[in-house]
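Numbering (this note's numbering), first residue to last: 11 to 480.
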């Protein structure tokens, strides 16, 4: 049995909590690590949450209470991590019927939570917790990240989940016949329109400068599905809408990144990070998987990718910040407005910027990428460094013409095997196995960043989050 380190045991015992209950939690946690059974882990988690419930909300705790709360959360997370090492893959195999069933990551977590109550949070628990400010959450979502990370750590289950997330959403398949007939779909915060043989996808989150938040990621993924599935569409164009923000009234902007106000107020889920990177961004980069779903977990992982994919042009008006910049890294061609800029301030905000840590060094080189990711460097489109991201930089009044010219140039060339060429490029730059390994780390690290005290400190310091409203 692994004993609890003194530096984690001491805060729990020093927080003026009932001694007997504190010792019962520490003992039950040791038992959970020793046996790795669901019953013992569930007991430890319940004991830990009972102690957390005896304290004020996280943001109102004394330093001693904060230290105790953090120790309790991390001790239960460590026990859960060890439990998932043994049980996550067998549970995945059971839920997917040995891979014969494709399942999205959210459905996977809800179904696993039904089998493992307390160990994984149920959907209703997270809905209730969303009423709390981010600073007052004690980490229910952490166990989701630990479970997904262990699923991704196994090559067979990791590849299977990646492929499942590349399949069209149910909503996309339902909308497709009507979309093909009309050539237009309004999904609220995202819209798609067919112009000639191009599918123009537009972000419509105008109030928040087209931020890529919980309310946008789903509709944008559906729009991407529709563009990829439409039989007449040869190329996709991704652009931001005209916004009604006072500073940019009547002007287009591309994307201001994740909605930090939603994060601060506890409305942005951990799952949204997985949706973006495993769903939306992955489909833009890899296409959509439309083959027969009768898959298996022991399928050769080195087989060629069999996705249906198309070229994508990203059009940057004003700026591409955070998640907006991440979108540029999965586009095939970037047209940027003169004076526009790109940045990835996630480190300053307190979390990982999606897959940028893997993809940005390929475009900029590692030294410049480290400046962007670790030291908040901004890149102006019309500089030599900015041109490593933007293929073309044009004045604002020539943007529409530049887009039309590039679309016609791509289509006019006959569109010879664009999907095959993209697959061949990825075989060298980002094979599916490299993506799986990255997600193993990302799912783990992001869940702790998303629920850290430092995130709140950073948002209050750099975003003036206390005084912003949704």
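Yeah, the Cβ is synthetic: ideal placement off N, Cα and C, and Gly gets one too. All of these numbers come straight from a predicted model, not from anything done at the bench.
Rounded C-alpha distance that separates residue i from residue j
| i | j | result |
| --- | --- | --- |
| residue 198 | residue 222 | 13 Å |
| residue 279 | residue 422 | 43 Å |
| residue 24 | residue 64 | 14 Å |
| residue 134 | residue 117 | 13 Å |
| residue 337 | residue 378 | 18 Å |
| residue 26 | residue 323 | 59 Å |
| residue 339 | residue 262 | 20 Å |
| residue 144 | residue 458 | 13 Å |
| residue 246 | residue 123 | 37 Å |
| residue 20 | residue 47 | 26 Å |
| residue 295 | residue 440 | 10 Å |
| residue 290 | residue 98 | 25 Å |
| residue 156 | residue 472 | 29 Å |
| residue 462 | residue 147 | 9 Å |
| residue 393 | residue 328 | 15 Å |
| residue 128 | residue 270 | 29 Å |
| residue 162 | residue 415 | 41 Å |
| residue 260 | residue 130 | 45 Å |
| residue 191 | residue 455 | 44 Å |
| residue 504 | residue 348 | Missing from the structure shown is residue 504; the chain here goes from 11 to 480 and no further. |
| residue 208 | residue 411 | 14 Å |
| residue 451 | residue 460 | 14 Å |
| residue 292 | residue 317 | 11 Å |
| residue 38 | residue 50 | 7 Å |
| residue 437 | residue 427 | 15 Å |
| residue 62 | residue 71 | 11 Å |
| residue 204 | residue 241 | 11 Å |
| residue 101 | residue 167 | 10 Å |
| residue 466 | residue 96 | 33 Å |
| residue 258 | residue 387 | 23 Å |
Residue environment, residue i, which counts as buried when at least 16 other CB atoms sit within 10 Å
| i | result |
| --- | --- |
| residue 11 | Low confidence applies here, because residue 11 scores a pLDDT of 42, under 50, leaving its location unreliable; read the following figure in that light. Under this definition residue 11 is an exposed residue. |
| residue 194 | exposed |
| residue 159 | buried |
| residue 22 | buried |
| residue 75 | buried |
| residue 335 | buried |
| residue 265 | buried |
| residue 235 | buried |
| residue 435 | exposed |
| residue 211 | buried |
| residue 352 | buried |
| residue 106 | buried |
| residue 361 | buried |
| residue 45 | exposed |
| residue 53 | buried |
| residue 90 | buried |
| residue 29 | exposed |
| residue 309 | exposed |
Cβ-Cβ distance between residue i and residue j below 8 Å
| i | j | result |
| --- | --- | --- |
| residue 350 | residue 325 | no |
| residue 35 | residue 57 | yes |
| residue 469 | residue 345 | no |
| residue 165 | residue 399 | no |
| residue 175 | residue 288 | yes |
| residue 239 | residue 298 | yes |
| residue 213 | residue 182 | no |
| residue 319 | residue 432 | yes |
| residue 87 | residue 153 | yes |
| residue 31 | residue 60 | yes |
| residue 276 | residue 125 | no |
| residue 219 | residue 253 | yes |
| residue 200 | residue 233 | yes |
| residue 364 | residue 396 | no |
| residue 171 | residue 115 | yes |
| residue 370 | residue 383 | yes |
| residue 179 | residue 121 | no |
is_contact[residue i, chain C] using C-beta, thresh 8 Å
| i | result |
| --- | --- |
| residue 272 | Among the chains of the structure shown, chain C does not appear; only one protein chain is present. |
(request) May I have a chain-ordered list of the beta strand (DSSP E) segments no shorter than 3 residues that lie completely inside the stretch 287-327? (result) Positions of the beta strand (DSSP E) runs, each at least 3 residues long and wholly inside the stretch 287-327, are given as 321-326 in order along the chain.
(request) Count the C-beta pairs between the stretch 270-286 and the stretch 206-225 that are closer than 8 Å, then say yes if the count reaches three, no if not. (result) For the pair of segments examined, the stretch 270-286 was found to touch the stretch 206-225: the number of CB pairs separated by less than 8 Å reaches three.
(request) Counting only runs of 4+ residues fully inside the stretch 429-458, write out the alpha helix (DSSP H) ranges in chain order. (result) Within the stretch 429-458, complete alpha helix (DSSP H) segments of at least 4 residues are not found at all.
(request) Would you mind listing the beta strand (DSSP E) stretches within the stretch 360-406 that are 3+ residues and don't spill past its ends, in chain order? (result) With a minimum length of 3 residues, the continuous beta strand (DSSP E) runs that stay inside the stretch 360-406 are 402-404.
(message) Assess contact between the stretch 64-73 and the stretch 429-448, defined as three or more Cβ pairs (one per stretch) separated by less than 8 Å. Is contact present?
(response) Contact fails: fewer than three Cβ-Cβ distances are below 8 Å.
(message) Assess contact between the stretch 79-89 and the stretch 102-111, defined as three or more Cβ pairs (one per stretch) separated by less than 8 Å. Is contact present?
(response) Contact between the stretch 79-89 and the stretch 102-111 is absent: fewer than 3 CB-CB pairs across the two stretches fall below 8 Å.
(message) Which runs of the alpha helix (DSSP H) at least 4 residues long sit entirely within the stretch 52-115? Give them in chain order.
(response) Here the runs fully enclosed are 73-105.
(message) Extract the residue ranges of the beta strand (DSSP E) inside the stretch 212-297, only unbroken runs of 3 or more that lie entirely within it.
(response) Here the runs fully enclosed are 245-250.
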